[in-house]
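J.:
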Amino acid sequence: MIRPSITRFGIILPLKNPPFRAVQHVIRRIASLPIPNDAKIIVDGSAPRIVEKVRALASENRLPFLHALGNKHVAIDTGIRELIHRANIDAVIVLDDDSLIDARWIAVATKLLARHDIVWGFGICKERDFIAGFVNIDLNIMVALFDREYWLESGVYAFRLDAYQDVNGFGKAGVGALSEDHALTVRFAQKGRKLDVNSALHHRLLNHRDLKDWFRQKIRWMGEILLISRRNIFLSLLSIPLVFISPFLMLKASKITRLSFPAKSYFTAPAAFAAYTIAMLIAYRRIIRGGGISWKGQKYQYNLQ
């Protein structure tokens with residue numbers, strides 16, 4: 001399949017009650033990117049008080065702004081329609097409220113979209129991570145006091161406009177979706193479109209150092225747990241205390257797998273469950289193979305016959 005080369009990117013920053021300090025940096029970075037301002041847009045579905053702050057920040061940086069009520073998939077669909085009206089674009093970059101890309105990122109995405117229809121990379125987070133260092137203190141006692149770097153799954157992605165139009169945007173797939181980028185990926189895959197996750201496509205992640213922003217992120221995760229549980233009362237009642245016991249789950253997961261997990265995961269119940277589940281599966285696989293598992297320097301063998 002011959003694909004026309006990508007020459008004109010549009011940029012969308014969809015927002016929903018974002019951490020304002022981080023968004024300030026993101027909007028200023030967007031304004032500095034080598035793309036005409038007409039091909040950039042901020043679409044906010046936040047509460048009125050936050051909307052007015054973001055609107056003022058967008059105006060200060062001479063960026064188009066729209067207020068669109070709804071989830072992020074609504075913001076993205078709305079933003080793309082507005083970009084098509086404002087500018088001549090052939091690809092779209094969707095940013096996250098804590099991610100900074102640069103001209104290099106755009107150049108790499110341009111090359112990748114010559115072969116693929118939608119592309120992702122990784123976010124790089126550098127922070128002083130006392131928690132992960134001391135939880136895994138037997139593994140990395142020195143790095144506990146130094147800056148550490150994590151490569152995390154990215155919420156920033158780019159796609160060809162013709163492919164997006166072929167799948168007709170998000171459609172109903174975005175309604176109730178926990179992750180709008182994954183919902184869109186499914187639609188691309190169903191149409192036989194080519195997807196790529198590439199480590200060359202990496203960007204910087206900002207740290208949420210403000211306690212209020214950190215707390216808001218945890219509340220959002222709790223809401224997602226309730227949604228996943230589908231009104232399962234038992235899990236719903238557990239969701240709040242699980243945020244507090246999740247560091248202990250991560251501790252066990254780290255010990256069993258001998259892996260180090262990002263600090264923020266220790267205070268995110270879904271991430272803790274995921275890590276703990278992975279740890280249990282790895283342990284079970286080792287047991288099945290007769291290899292046993294190690295705990296506190298001792299090796300344990302199990303006979304499952």
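Sequence positions in the sequence shown follow this note's numbering and run 1 to 305. Where a beta carbon is used, it is the ideal one built from N, C-alpha and C, also for glycine.
(1) Hey, G10 and A39: beta-carbon distance below 8 Å or not?
(2) So, for D90: in the same chain, excluding its five sequence neighbours on each side, which residues have a beta-carbon less than 6 Å away from its beta-carbon?
(3) From L95, R81, R28 and A47, pick the residue whose C-alpha is nearest to that of H203; which is it?
(4) Considering only the beta carbon of each residue, do H67 and E180 sit closer than 8 Å?
(5) Quick one: Cα of D97 to Cα of L201, how far?
(6) Could you check whether A158 and I76 sit closer than 8 Å to each other, using their CB atoms as the reference points?
(7) Would you call D102 buried or exposed, if buried means 16 or more other Cβ atoms sit within 10 Å of its Cβ?
(8) Do I41 and L83 have their CB atoms nearer than 8 Å?
(9) Using DSSP bridges, identify the partner residues of A91.
(10) Would you report the Cα separation of R28 and N168, rounded to the nearest angstrom?
(11) According to the neighbour-count rule (16 or more other Cβ atoms, all chains shown, within 10 Å of its Cβ), is D129 buried or exposed?
(12) For A87 and N37, what's the separation of their Cα atoms in angstroms?
(13) What separation, rounded to the nearest whole angstrom, lies between the Cα atoms of P34 and P64?
(14) If you reduce the DSSP assignment to three classes, tell me which class P48 lands in.
(15) May I ask which residues mark the beginning and end of the alpha helix (DSSP H) holding F20?
(16) Using a 10 Å radius around the Cβ and a threshold of 16 neighbouring Cβ atoms, would you call A132 buried or exposed?
(17) In this structure, does DSSP put L112 in helix, strand or coil?
(18) What is the rounded straight-line gap between the Cα of V186 and the Cα of Q165?
T.: For this structure:
(1) yes
(2) I6, R8 and L161
(3) L95
(4) no
(5) 18 Å
(6) no
(7) exposed
(8) yes
(9) F9 and R160
(10) 31 Å
(11) Residue placement at D129 cannot be trusted, given a pLDDT of 39 that sits under 50; what the coordinates show is reported in the next sentence. D129 comes out buried.
(12) 9 Å
(13) 16 Å
(14) helix
(15) F20 to S32
(16) Residue placement at A132 is poorly supported in this model, since its pLDDT is 39, which falls under 50; the coordinates still yield a value, given next. It counts as buried.
(17) helix
(18) 14 Å
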